Structures are given as C-alpha cells and as structure tokens.
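*Asks:*
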Amino acid sequence: MDRNRKWVPGLGAALLILLCHVTSALEVPLDPKVLEGLPQPPTITLQSPKDYIFDPRENIVIHCEAKGKPTPSFSWTRNGTHFDVEKDSNVLTKPGSGTLVIDISGEKAEAYEGTYQCTAHNEHGTAVSNNIVIRQSRSPLWSKERNEAITVQMGVSLVLQCRPPAGLPPPVIFWMDNNFQRLPLDKRVSQALNGDLYFSNVLPEDTRSDYICYARFPHTQTIQQKQPISVIVLNNSPEGERPPGFMMPLGPASAKMVLRGETLELECIAEGLPTPDISWQKDGGELPSSRMSFHNFKKTLMISDVNEADAGDYRCSATNNLGNAHHMIKVSVKAAPFWVSAPRNLILAPNETGILTCRVNGEPKPKITWFVNGIRLENAPEDHSRKVEDDTVILSNVQTGSSAVYQCNASNEFGYLMANAFVSVLAEAPRVLTPPNQVYQVIANHPALLHCASFGSPIPTITWFKDSQTSIRNGDPYVIHENGTLEIHVAQPLNSGKYTCIATNNLGIRENHVFLEVKEPTRILKQPEYKVVQRGMSAMFECKVKHDPSLIPTMTWLKDSGELPDDERFVVDTDSLTIKDVTDEDEGTYTCIMNTTLDRDSASAMLTVVEATPTPAIVHEKPDPPTDLELTDQTERSVQLTWIPGDDHNSPTERFLIQYEDLLHQPGVWVNLSEVAGTSTTARLSLSPYIYYSFRVLALNRVGYSRPSQPSRQYRTNPAAPDENPSDVKGVGTEPGNLVISWTPLTGFKSNGPGLEYKVLWRQKDTDGEWSSRSVANVSQCVVSGTPTFQPYEIKVQAFNDYGSGPEPEVMIGYSGEDLPLSAPESLQVMVHNSTLAEVHWEPVSIPSVRGKLQGYKVYYRRERGLHATEEETDQEEQVLTFSGNRSEGRLPGLQPYSLYNLFIRVVNSKGEGPQSSSKTFETPEGVPGPPSFLNVTTSSLDSLTLQWGPPMNNNGRLAGYTLKYQPVNNTNELGPVKVMMFLANETTTTLGNLNSSMLYKFYLSAKTIKGSGPIVTEEAFTVIDTAVPSRQVDIATQGWFIGLMCAIALLILVLLIVCFIKRNKGGKYPVKEKEDAHQDPEIQPMKEDDGTFGEYSDTEDHKPLKGSRTPSNGTVRRDESDDSLVDYGEGGDGQFNEDGSFIGQYSGKKEKDTHEGNESSEAPSPVNAMNSFV
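Under this note's numbering, the letters of the sequence shown match residues 329 to 1503, in that order.
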C-alpha cells in the first residue's frame, strides 16, 4: 500500500503548516473478506458512456452499478429533475443494481431522449454517475432531387457532390455503380473525407450514367442511396496540360482544430494535368513517424493520439511536370479535461487528517467544482474541519460519523470529468492480508521479497523478525518498504528461514509467519560442443547440469530456436542429445535449456555435416588400462580419485570400475567400490574409517574390461567410533526361562576401529525398570537366563570400539522362552445341527496360562458306537481338528448319523499342547440310509423277473423299508410309465409278473428311514426265455449306413423324376385333359396354345386341401364335386403303394366312363404321372 499523501504545491503558508501534521491515509483493501466486514460509502462500479446512442429497435439499457456497506439504494434524474422509474411501466430496474431497462417497443423512442444521472446512496454517503446523454440513432432518407447530366471536356477537373443526410451517428460514405460494384479509386479519382468524389482531370472512360453515392448508417444497419449522377466527357475541345491547383481546401491557407488524444485528419486534393503528386511536411518540425499514416493516395495525413506537440503549420504540396502548388494548414490542439491525478478513496482513523486532490489539465484550463454526497460544497452544510483550495480538499481531525462521498467535476468547453472518492472514518485493529505460512522460493544472489500486506485504522506499523528472535531493521542486506514488504537485495542460503511480520496500531497487534527458501542456481557444467560429423554417422551433444536438488528440472532441446524434428533419429537422454544417421538437414544450432520453477540456463553448439569419406577397416579391442592415478581433496571420509584414460581401441569406453584393497583387514582382495560413466575421469569416493585403502581403475568397452591400472598410493583413514549398529536384531526364547538375543555382526571394515564389541541391553517391557546389559565380542548372540516364561522384552544391541560407541540403537521387541500350557478349556458344550454336523463351544483359557504364543485349540473326537441295537461295535479312529487363534467355538463336519461321539479339547502354543479338557459325549440324530448293498435279477422269463437285494452298509438310523421303481424301455430308448412298489425292512426279494415279453426294464431301488430315502441303485434286465440277461437290440433305422443308403436312393428317385418331367412335358394331351375339354368347366382356364402350360386355377377357400392331406402323394386332386378327378379313373378312392413307397395303381374305366388307351394320350407333367411312368 502506498502511504504517501499527494497534494498540490503552491498553497499558502498556513496550508503548508497544516500539511506537516497530515497522517497518511489508508488505501482501500482489495481483499473481499476484509471489505465484507467494513462499513463503506457507495462506489460506482459500472456506468454507461457519457454519450449513448441507442437503436430504436432495441430496449434502452442504462447501466448503473455500485458497491458499498450497507448495500446502496439507487435513484435517477432526467434532464435535471427526479425520474420516478416506478411510475413508468416501460421502465424496469435490474435487481441488485440501478441499471434501467426501458422498453420502447410500443412507445415513441424520442420520449426517452435526454440527460440521465444515477445516484447510489447508503448511510455513509452518496455517489453519483456521469451525465449520460441518451440519443436515438437516426438514418434519414435522402431528399428528393433531380440530377442533370454533367457534360465536361476531357482534361478538366470535376467534383461530384454526395451531401448525405445528417445521421446519428454520421454515415459511412462510398460510391458504387448500378451493379453494386465499388468505383475504382486512384490518385486521379479519389473520395474526400466529406464523401465527395474528386477528379483531378477527367478522361473519356469516366463517361457513365451510374455514379451513385451510398450512405451506410452503422447503428441501424441501413443504407441510403443518392440518385445516380450521369457524367459525359467530350473530346471535341480537350483541356491542355496545366500546373497543379488545389480543389480542397481552397486558398493558400486554412486552419484546423483537433482535441488532444483524438486523430488529426488533414486533407489536400489537387487538380492538374498530368495528375499531381501530393507530399506533406511540418514547418519547424518532423512528422511523428510512429503515429503518422497516409491514406487516399497520400491526399490524407492522419496523426493518431494527438498531443500538444502536434500543433503547428502543416504544408501540403501538389507537384507535376509543369509546376507545383502549396497549401498551409495551421493546426491548433485543444484539450478536454484529462486526469493528472484523480481523487482516491481515503480511510482515516478518528482525529486523523486527510487530503483529496483533483488534478486535471486541459485547454482551456478546466474549472474544478467540488460536491459532497452529490451537493455542491457551497450548498452543503458547513463543516469547519473541511477546507477547499481549488483542486484540494483538506479534512482535519475527522470524527466517527463524518464519512461521505466527494465528487470532483472538472469541465471546459470541450467536455468534463467527474470522479467519486469516499472518505471513510474507521477505527480498526490491524489485519494481516498476506496468507499465513506462505513459502517464498528464490535463487541465490537474486532479490527476495517477503510480503506483509496489512490493513488497519490507524495504519499499522510493520516490524519484522527472523526465526522469531532477531529483529530486522532497515540496512544492508534488508530493506523494509512502506507497504510492509521486506526486501533482501542479494539472497544467500543463510537468509533461509522463518520470518515473522508484526502489524501494530493503537487498537491491537497481529502477526504473520512466512518462510524463505534460498535455492542453488541452475548451471550447465558441461556445455554442448561444436561438432563436425560425417553424413550417416551419429552426433552427440552433452549438456550436464547442476541444480538445486529440491527443484524439479526439465531439459528441453531446440534446433535453430525451434522444436526438434519429430524423428526417431533424435534421442534425448537425461543429459545428452544423440542424432543418429545424420543427414544434411540436421545441420544447425542445437540449444539445451534447463528449466526449473525458479530459473533456467541454456547453452548452444553448432552441428556441421560433411561428406562421408571411406575409412579403413576398424579393429575393436579392449581398452588400455587407465594411468596416473592421483588422490586429491582428502578428508576423513572421502577422497577425490583422478586418472588418465587409456586408448579405447576404436570402441568408446562405457564406464570405469573403481576397486579398492584393504591392506589392513583383507590384503590381496580387491573389492568393487564404485562405477562412473566412460566420459568421466574423476570420482568422489566415500570412505570408511580404519581402512588402509589402495585403489585401482578398470575401463570397460563393448569388447570387455581392460587390465587393472597400477594401484594408487596407499591412503589410510583414521579410526572412529562405529557408524552403525548390528542389523537383524531378534529376541527369541529357546526354552523356558531363557531369552536368546541374536544379530548380524558388522563386517571388518564397518568396525571403524580396533576393539569392536557389542553392548547387549534388555529389560522386561512395560515395567520401566533399569536396562540390563552385557558386552560381548566376536559372537552374534547372547543368552539371558532366569527370565519369566514368555514375557515381552525390549532389546537393543549397540556396537562400540576403542574410539567410542555407535549411534543409539533401535529398540526391538522379543519374547522369553515358552512352556507347555497349564490349563485346559472348560465349559464344553455341543450343539448338534444335523445328522452330520455339530458345533462345539468352550471357554478359552486365560492368556497367562498359555505360557507362550497361542497357536489355537485342538478338538479330539471319536465315534464310540452306533445307536442301532443290532449294529456291531467297531474300533473307530480318533479325529483331530485344529482351530487357529483365540477361538471359543468350532464346527465338526462329516459326522456319521445315529452315532455316539466323545470329544475333548487341548490348547496349543509354540511349545506344544496343554492338558486335555474333560470329555463330552453327544449323539447325532438319524439320517437317510446309504444305498442298498446290491440289486440283482436272479430269474427272468417271458413275462416275469425276480429281483434280490441286500440291506445298506450304513443304515444311519432305524431302517423303515425299501422303495422299488421300474419302467420299460423300448427299442428307441424311450422310457415307459413308472411303477412304484414298497417293501418292508425285512424283505429282500420279489418277483414281478405280467411283464411284456422281450422288453427291457429298468429298476431303481432305495432304502429309507424316518428321515427319508437314501441313494438309489439301478439295474436293467430283459424278459426273455434265456436266463442270461440279453444285450440290447440294435435298431437298424438308427444305423448310419442305413440312413446313408436311404438318402442315396431318394436322390436317385428325384433325378429320375426330373428327367421324366422334362420328357413328358414335350408330349401331347392326356385323357383327363380331354374330359376337361369336354366338360368346359368355367373355373378352369384352358392351356395356352403357344407353350402348352396350364392356365391358373381360381380356387376358393373351400377348394383348399385339408390340413395334413397328402394330395401329391396319393394322386388325388380335390375339386368341386362336379369336376373330374384322377380318382374317377382308378379302382378306388386311394391309389396303392408298395413297401418302398412307389405307386402301383393304374387307370381303369369306371362306370359310364370311357377308357383311353394307346399313344393318343400323353400324361400331364405332374408328380403323380411321373410316378406312374416310372412304374
């Protein structure tokens, strides 16, 4: 926020003394959450332009919107008097604003023309809008006129006047012909700014009768047309060549006035023969090239955004080969009022002093008038705290309740400006507007700005602290700006941290915390290098970058400042760009750009592509070993190793392998330490204490590893305390009363010094007792005796040597040894769900009695005997089910029905099983029996079968009897009706009589108890004399070979039928046809003479054959009873067929019917006749 007061210098001494005591006024905060809670006088936020031309076809919308607290109310004046919008049914006010919508669809639009002004009012003041002049757009018709033809001699000048009707706004003028084609314009024929058409000299081709001037009125989108003008150019007395002269403006000089900020338009149109050229210059100055443009073939000079410096004398010159002419235009620049400094809203605390300034300029000098709440100050109630000096209002020692809206009106003859500025008197405690805990990130050596935007009345004082302790004052490197922002000119990593800003005034204090993170800059360490590559080879540009690890970098490659070609030959890697199979088009400049969210760096290199040259055969070999190993930058825990690569023998080195030898602990053993890229010649090696290092380097290419380099000089690291503790620490008891603590020991080089030992510590968990400890060496476990059974222990193992202890070890949880459980489950209960499933419940044992990790419960159960009195006792095997976890119930499936069971339970831990519980017996109810043990057919005859069966192996209850079902099966495997027979439990045989001979029967037998029938057994048997059960007969009709034979015969018959049909179709009449001819049945159409085919039958519904009839097969044709049919010529109603389906009947005479024989009659080509002929 800018706290500087601006006021007009040059006031009296008294005013100067007063201003020395002015308190800086508050800016109005933009944060809506702050504004929401503050009382605020009205502020106009939207209003229509001062000059509003409306289209009479649309509604008039006059905008007026304002904000304030409380929400303002609105009122309007029209032509200086109150405009009651509620009394005019055509005027609506938009909800929540003062915007007027005037419906002029049914009214005269002229009735609403005038000057409108909007007022927004609340309890803190009144704001007013500009005077808005509302005018209707107009597009008047051209006045009726009769244009006489214009006759001129060739070479003279000519002006065709347009003189369009005055419209609002002015129309756009253009000339066209009768075909609505624009007339061609050039430096000889041009249109002036006023729309007239000027000819510097006329030519015969200018003769035409359709010079038409058009006026387009933009608001109404209408076009008006002037009557056509006819021009006739004569050539009988042409005008000769002459020097230039001005057609417009006339005379040697003229004047032009333009307003500041508008566009200056100067126009010179000359006549002459030949056509003159126009040029422009300004006397005593240069034309403003940046704002200047020529139009209409340089006849018009336009200068945009005119200012006072554009005033002066402008000379236009017309020149042809006979001379020149000049015209001077004196330009004066006036100015409507414009702002130098508009008044700004003020928020003042009680007893403060504020200043409103209204600085304007204009030519002539504007007059300034002040208003308060829309009333001229001279007419407003007197206020001794207010003093007005021209463009300044001074408010001294303001008090609560004196809030108001001031209006400044500056006007001259060319226009006016008006601005509202409210003065709100508030008493507000400080508020910090900057979001809390905001994190600012900057790059080192760049400025950092930490904001502390605040609001309060009086204006809060801002102080800063770093890390909540150090007070920050103005001075290097910090600057505290007046708006509270803290600036660090050159941020460094040490400037990172937490910053606190505190806003204070006499009504309170408020603080806010922000954080500054200073990041390392992004730098390209290895830039891409200039490459010369043969065509077809590969080119690689490297771009290795260093950046702050907390920032996410993005690498981008460009070619000639554009994107890389979309070509798979361009391979972008993490820190390189590879171009494969280079072509001539790949030449150019390649740029790598590394971007982070805070900064970027870039580097470029060129690629030149040359012609490929033949190369000798390349021999690839293993690289030579590196040489000149050197150790630098030595520290306790690291060292820099550098080397010189050996010859790569035509195969680039892919990577270097660095190995070390520990001459103290493992002499002669080389261990892999690190790998680096094949382009590197240095490596930073991390070292461990108490090791006598010697290094060597191997190079690797596609062929293989080089020989090791010569070892470096020895580098010894000093002993130190261990850096780490043993891993995989566990505590497990192996027997009751002990705890075995084990770990994975440190390797030799991790010991960091001599005298490596381990401090083993333990204590019982949740007892807060002292740690017990024991130091051991060269072992990986420690046995603690005398521990209580299965108790949790906190354990830790710490490494130490002669130079100190390792880091604080991590606490692990272990358990002492387990023992067998002490208790057995109690309160056994058994719920029998059905004959095969029971559910057992028990009361779990107490956790302490388990004396170990509870694995679960084992349920032991055995079938003691069946409940049937006749069942023999058998020795049943004991069954066991294990239920994991701390359970109190389990289900026993697969039980045998109608049996007595016995069970008991044991609890199980990792050590074993506890004592058994008391036994519990239970019975299972009856179930359905098993299947009968057998079913046999013992005797068979022509009409009877004897069956015998055995009782089930498992009755599963008291046997109630047997159910026998049987049914016949015919030759097509279709089942006949089922018959059912019931038998007592002691019946095991029966004879079934009255059966069909040579018939297969299928039998189904099941036993039953009171619970129902059990599974069935089945048997099949034939009723035949032979006592042996015959095999099932084979139905020949179902055999594949028989079906195939029948299909072949049917196909042969069909072929023969077709042949006969074709043959018979060529023959003569047949006897039935003659009878039909004799009868002359009117419903039967005669055969066509030309092709011998039948006419169509007109059958009725009664003539249709019955459903299921086989008329074509039996040779009958159903017709009316009076009609003849083939049946009349047979010996019966039906023809006869032999066994293979062929027709064996023949025609014979019937009473009073003639028999037709011989070759005189040939049969019709019907399927029946064809069959007869086949026989």
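Where a beta carbon is used, it is the ideal one built from N, C-alpha and C, also for glycine.
Predicted model, so just to flag it, every value in this text is computed and none were measured.
Tell me the rounded alpha-carbon separation between Val-1060 and Ala-1049.
*Replies:* In a straight line, the C-alpha of Val-1060 is about 29 Å away from that of Ala-1049.
*Asks:* Quick one, which of Ala-772, Tyr-444, Glu-393 and His-410 has its alpha-carbon nearest Pro-423's?
*Replies:* Nearest C-alpha to Pro-423: Glu-393.
*Asks:* Hey, how far is the Cα of Thr-850 from the Cα of Pro-1120?
*Replies:* One C-alpha to the other measures close to 54 Å.
*Asks:* Does Arg-1392 come out as helix, strand or coil in the three-state DSSP assignment?
*Replies:* Residue state, collapsed to three classes: helix.
*Asks:* Given a cut-off of 8 Å, decide if Gly-1145 and Pro-1064 are closer than it, judged by their beta-carbon atoms.
*Replies:* Yes.
*Asks:* Going straight from the alpha carbon of Asp-894 to that of Gln-855, what length do you get?
*Replies:* Each residue's alpha carbon lies about 24 Å from the other.
*Asks:* Taking the straight line between their C-alpha atoms, what separation do you get for Ser-467 and Asn-701?
*Replies:* Taking the straight line joining both Cα atoms gives about 40 Å.
*Asks:* Around the Cβ of Gln-509, are there at least 16 other Cβ atoms within 10 angstroms (buried) or fewer (exposed)?
*Replies:* Its Cβ having fewer than 16 others within 10 Å, Gln-509 is exposed.
*Asks:* What does DSSP give as the partner residues of Trp-1071 in its beta bridges?
*Replies:* Paired residue(s): none; Trp-1071 is not in a bridge.
*Asks:* Tell me the DSSP secondary structure of Ser-1301 in three-state form.
*Replies:* Looking at the sequence itself, residue 1301 is Asn, so the reference to Ser does not match. Residue state, collapsed to three classes: coil.
*Asks:* In chain order, what residues of the same chain have a beta carbon less than 6 Å from the beta carbon of Pro-786, not counting five sequence neighbours either side?
*Replies:* Here the set comprises Ala-677 and Asn-833.
*Asks:* Give me the Cβ distance between Thr-550 and Glu-593, rounded to the nearest whole Å; I'm assuming they're in contact under 8 Å.
*Replies:* About 25 Å; that fails the 8 Å criterion.
*Asks:* Since Ser-465 and Leu-511 should fall inside the 8 Å C-beta cutoff, what is the C-beta to C-beta distance between them, to a whole number of angstroms?
*Replies:* Incorrect: roughly 28 Å between the Cβ atoms, too far for contact.
*Asks:* What is the rounded straight-line gap between the Cα of Pro-1137 and the Cα of Thr-813?
*Replies:* Straight-line Cα distance between these residues: approximately 48 Å.
*Asks:* Residues in its own chain within less than 6 Å of Phe-1211 by CB, not counting five upstream and five downstream?
*Replies:* Same-chain partners within the cutoff: Gly-1184, Tyr-1185 and Gly-1218.
*Asks:* So, does the CB of Phe-1232 fall closer than 8 Å to a CB anywhere in chain C?
*Replies:* Protein chains in the displayed structure number just one, and chain C is not present.
*Asks:* Which same chain residues, not among the five before or five after Phe-1044, have their C-beta less than 6 Å away from its C-beta?
*Replies:* The sequence shown places Arg at residue 1044, rather than the Phe named in the question. So the qualifying residues of the chain are Tyr-1020.
*Asks:* In the DSSP assignment, what are the bridge partners of Asn-1237?
*Replies:* Its beta-bridge partners are Leu-1182.
*Asks:* As a quick exercise: from Gly-1368, Met-883, Leu-684 and Thr-1274, pick the residue whose alpha carbon is nearest that of Ser-669.
*Replies:* Among Gly-1368, Met-883, Leu-684 and Thr-1274, the Cα nearest to that of Ser-669 is on Leu-684.
*Asks:* Can you give me the start and stop residues for the beta strand (DSSP E) that His-1196 sits inside?
*Replies:* Premise fails: His-1196 is in no beta strand (DSSP E) and is neither H nor E.
*Asks:* Helix, strand or coil for Lys-415, going by three-state DSSP, please let me know.
*Replies:* Three-state DSSP puts Lys-415 in a helix.
*Asks:* Any idea if Cys-1375 is buried or exposed, counting beta-carbon neighbours within 10 angstroms, 16 or more meaning buried?
*Replies:* The residue is exposed, with fewer than 16 neighbouring Cβ atoms inside 10 Å.
*Asks:* Taking the alpha-carbon of Cys-490 as reference, which of Gly-483, Val-484, Trp-503 and Val-480 has the nearest alpha-carbon?
*Replies:* Considering only alpha carbons, the answer is Trp-503.
*Asks:* Just to check my reading of the structure: Thr-1337 and Gly-1285 have Cβ atoms closer than 8 Å, yes? What is that Cβ distance to the nearest angstrom?
*Replies:* Yes, they are in contact, since the Cβ atoms of Thr-1337 and Gly-1285 sit about 4 Å apart, within 8 Å.
*Asks:* According to DSSP, is Asn-840 part of a helix, a strand, or is it coil?
*Replies:* Residue state, collapsed to three classes: strand.
*Asks:* Using a Cβ distance threshold of 8 Å, determine whether the segment 931-940 contacts the segment 856-865, with at least three qualifying pairs required.
*Replies:* With a cut-off of 8 Å, the segment 856-865 and the segment 931-940 count as touching, because enough Cβ pairs lie within range.
*Asks:* If you draw a straight line from the C-alpha of Pro-954 to the C-alpha of Pro-1036, how long is it?
*Replies:* Roughly 8 Å separates the two Cα atoms.
*Asks:* Per DSSP, which one or two residues make a beta bridge with Pro-512?
*Replies:* DSSP output for Pro-512 lists no bridge partner at all.
*Asks:* According to the neighbour-count rule (16 or more other Cβ atoms, all chains shown, within 10 Å of its Cβ), is Leu-1084 buried or exposed?
*Replies:* It counts as buried.
*Asks:* Restricting to Cα atoms, I'd like to know which of Phe-1331, Arg-385, Met-620 and Thr-647 is closest to Pro-571.
*Replies:* It is Thr-647 whose Cα lies nearest to the Cα of Pro-571.
*Asks:* For Gln-1042, tell me which candidate among Ile-1390, Ser-1055, Val-1057 and Ser-1022 has the shortest Cα-Cα distance.
*Replies:* Measuring from the Cα of Gln-1042, the nearest candidate turns out to be Ser-1022.
*Asks:* Short of 7 Å in beta carbon distance, which residues of its chain neighbour Ala-477, apart from the five on each side in sequence? Order them along the chain.
*Replies:* Answer for Ala-477: Ser-558 and Ile-560, listed in chain order.
*Asks:* Any contact between the segment 760-768 and the segment 713-722? By contact I mean 3 or more CB pairs, one from each, below 8 Å.
*Replies:* Too few Cβ pairs lie closer than 8 Å, so no.
*Asks:* Just to confirm my understanding: we take Leu-991, look at its own chain, exclude 5 residues before and 5 after, and list those with CB closer than 7 Å. What are they?
*Replies:* The answer, listed in chain order, is Tyr-1020, Ser-1022 and Gln-1042.
*Asks:* Flag Phe-898 as yes when its Cβ comes closer than 7 Å to any non-hydrogen atom of the ligand FMN, and as no otherwise.
*Replies:* With respect to small molecules bound, the structure shown includes none, and the ligand FMN cannot be examined in it.
*Asks:* Around the C-beta of Glu-1254, are 16 or more other C-beta atoms found within 10 angstroms, so that it is buried, or is it exposed?
*Replies:* The residue in question, Glu-1254, is buried, as its Cβ has 16 or more Cβ neighbours within 10 Å.
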